[in-house]
Amino acid sequence: MTFEGKENMSGRLERPLTPVFVHSTHHSIELEWEHVRAQDKSRPEHRRMFDESGAAHSGSLIYLHKRDKKSGAVWESVYSGSAMSCKVENLKANTQYEFRIQCKSNVNGGERSEWSPILQAGTAAEPMTGETVYKAIAMPGKDYLEKLLAILGPEHPLLEHPDKDGNLPLMHACAKLDLAKVELLINAGAQVNNSVSPRKTALMVAASTGFNKACIMLLEHGADVYHRDQNDVSILHHAINSKNFETVSVIVRQLNENKELEMNREVGIHRWTPLYRAVIHDCNKETIELLLNHGANAQCEDASSHTTALQMAVIRGNLNTTQLLVTHGADTRILTKGGGKSLQQLVISTQKTDLINYVNSLVNMPKSQ
Numbered sequence: 346m347t348f349e350g351k352e353n354m355s356g357r358l359e360r361p362l363t364p365v366f367v368h369s370t371h372h373s374i375e376l377e378w379e380h381v382r383a384q385d386k387s388r389p390e391h392r393r394m395f396d397e398s399g400a401a402h403s404g405s406l407i408y409l410h411k412r413d414k415k416s417g418a419v420w421e422s423v424y425s426g427s428a429m430s431c432k433v434e435n436l437k438a439n440t441q442y443e444f445r446i447q448c449k450s451n452v453n454g455g456e457r458s459e460w461s462p463i464l465q466a467g468t469a470a471e472p473m474t475g476e477t478v479y480k481a482i483a484m485p486g487k488d489y490l491e492k493l494l495a496i497l498g499p500e501h502p503l504l505e506h507p508d509k510d511g512n513l514p515l516m517h518a519c520a521k522l523d524l525a526k527v528e529l530l531i532n533a534g535a536q537v538n539n540s541v542s543p544r545k546t547a548l549m550v551a552a553s554t555g556f557n558k559a560c561i562m563l564l565e566h567g568a569d570v571y572h573r574d575q576n577d578v579s580i581l582h583h584a585i586n587s588k589n590f591e592t593v594s595v596i597v598r599q600l601n602e603n604k605e606l607e608m609n610r611e612v613g614i615h616r617w618t619p620l621y622r623a624v625i626h627d628c629n630k631e632t633i634e635l636l637l638n639h640g641a642n643a644q645c646e647d648a649s650s651h652t653t654a655l656q657m658a659v660i661r662g663n664l665n666t667t668q669l670l671v672t673h674g675a676d677t678r679i680l681t682k683g684g685g686k687s688l689q690q691l692v693i694s695t696q697k698t699d700l701i702n703y704v705n706s707l708v709n710m711p712k713s714q
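Note that the sequence shown covers residues 346 to 714 in the numbering used here.
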């Protein structure tokens, strides 16, 4: 590369060449301009920016500006100094930028060159990670996820990449209550029964959020309705946590094998059955009735306190649940283990007249067989 040795008579430094592209990532672009030093050597010594050792004279600077090519933004200063390169960071992924440089010496109060010709350079596309998939699921609409899945291709490993809490992409879609995204992920090859450390599945997430349409779709694609998490909590228990009748109904009607066992599966330190959990959560009349009609034992109790489901329904002031449990054979004469209280004593604190009258009417009821 050669340069004119003749002194510029205009009073300005010669225009530098375009900065040179070195390397880019999805968030940075590295440039160099070694040609500025070579160009400087062609000047008379008294007008040079650098001494013989290559060190910059005091007041000699190189300015680097950038702008986003797409947006037509104004030029922005990103570097000033005497180095021969710069790594511009914190850039947007997959974006084209324009760069230019200008030189300034300490001669004549600070001569400046014209701006160099513009260099166009772009950042790389953002690398695909699990976070990329989670972001696509979180975005409104399905277009972004649809495009991403088309790029990834079928059964891509990122579809089974868990986040820090052990949630897989399919679980994220269920938690967002987005049926279209659940369907997209299943069709792309997401495994409906996959789980990681908590042994939680997408069906559990859908059930616990009351997302009955997703439950139906997952079950149609082979989701295991008998799966239990690391705490031995079943899908039915998760569904009851949602307090959503349609969701509980979907799960109950899928139970064919060992149905009685599943309807009365005790979990946790208190050994709650699905029915007891439903009583604790004040589930609606339809849910309680559904469980009882499908084999739930009305006489279930908390293993720690030995409070029966009927006693708990009374304590919680729930007339409908109390009536259903009595109708299905719950023993009305059992006293509480803690203080030996009858139902009639327990109901007083509720201050609910209808419930008090009903419970008091049970005094002369024959003992359940």
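We put the beta carbon where it would ideally sit given N, CA and C, even for glycine.
Taking all protein chains shown into account, do 16 or more other C-beta atoms lie within 10 angstroms of the C-beta of Lys386, making it buried, or fewer, making it exposed?
exposed
According to DSSP, simplified to helix, strand and coil, what is Ala551?
helix
For Met562, tell me which candidate among Asn589, Ser594, Pro361, Glu528 has the shortest Cα-Cα distance.
Glu528
Does the separation of the CB atoms of Arg445 and Ser427 fall below 8 Å?
no
Beta strand (DSSP E) segment containing Ala466, residue limits
464–467
Within 10 angstroms of its Cβ, does Gln575 collect 16 or more other Cβ (buried), or is it exposed?
exposed
Taking 7 Å as the limit between beta carbons, can you name the residues of its chain near Arg382, skipping five residues before and five after?
Phe395, Gly399, Met429
To the nearest angstrom, how far is the alpha carbon of Thr440 from that of Ile531?
32 Å
Considering Val381, what are the terminal residues of the alpha helix (DSSP H) in which it resides?
380–386
Buried or exposed for Gln656, please, with buried defined as at least 16 other CB atoms from any protein chain shown within 10 angstroms of its CB.
buried
Between the alpha carbons of Met585 and Glu505, how many angstroms are there, rounded?
Contrary to the premise, residue 585 reads as Ile rather than Met in this sequence. Approximately 27 Å between the Cα atoms of the pair.
Mind reading off the beta-carbon distance from Leu700 to Val692? Whole number of angstroms is fine, and I expect it under 8 Å.
6 Å
Those residues which DSSP pairs with Trp420 across a bridge:
BP columns for Trp420 are empty, so no partner.
6 Å Cβ shell around Lys697 - same chain, five flanking residues per side excluded
Gly662
Between Tyr479 and chain B, is any beta-carbon pair separated by less than 8 Å?
This model lacks chain B altogether; it includes just one protein chain.
Output the distance between the C-alpha atoms of Asp569 and Val550, rounded to the nearest integer angstrom.
13 Å
Where does Glu434 land, buried or exposed, given buried means 16+ other C-beta within 10 angstroms?
exposed
Are Trp378 and Val365 touching if we call contact CB-CB under 8 Å?
yes
Considering only the alpha carbon of each residue, which of Lys521, Lys509, Gln465, Ala495 lies closest to Ile482?
Lys521
Could you give the distance in angstroms between the alpha-carbon of His587 and the alpha-carbon of Ala552?
According to the sequence displayed, residue 587 carries Ser and not His. Rounded to whole angstroms, Ser587 to Ala552 spans 7 Å at the Cα level.
Check Ile482 in the structure and name its three-state DSSP category.
helix
Please list the segments of the alpha helix (DSSP H) lying wholly inside the stretch 547–601, counting only runs of 4 or more residues, in order along the chain.
547–553, 557–565, 580–587, 590–597
Using a Cβ distance threshold of 8 Å, determine whether the stretch 600–609 contacts the stretch 634–644, with at least three qualifying pairs required.
yes
Would the beta-carbon of Cys560 fall within 8 Å of that of Val595?
yes
Excluding the five sequence neighbours on either side, which residues of its own chain have a C-beta within less than 6 Å of the C-beta of Glu443, listed in chain order?
Arg412, Lys414, Ile463, Gln465
Whole angstroms is fine: what's the gap from His566's alpha carbon to Val537's?
7 Å
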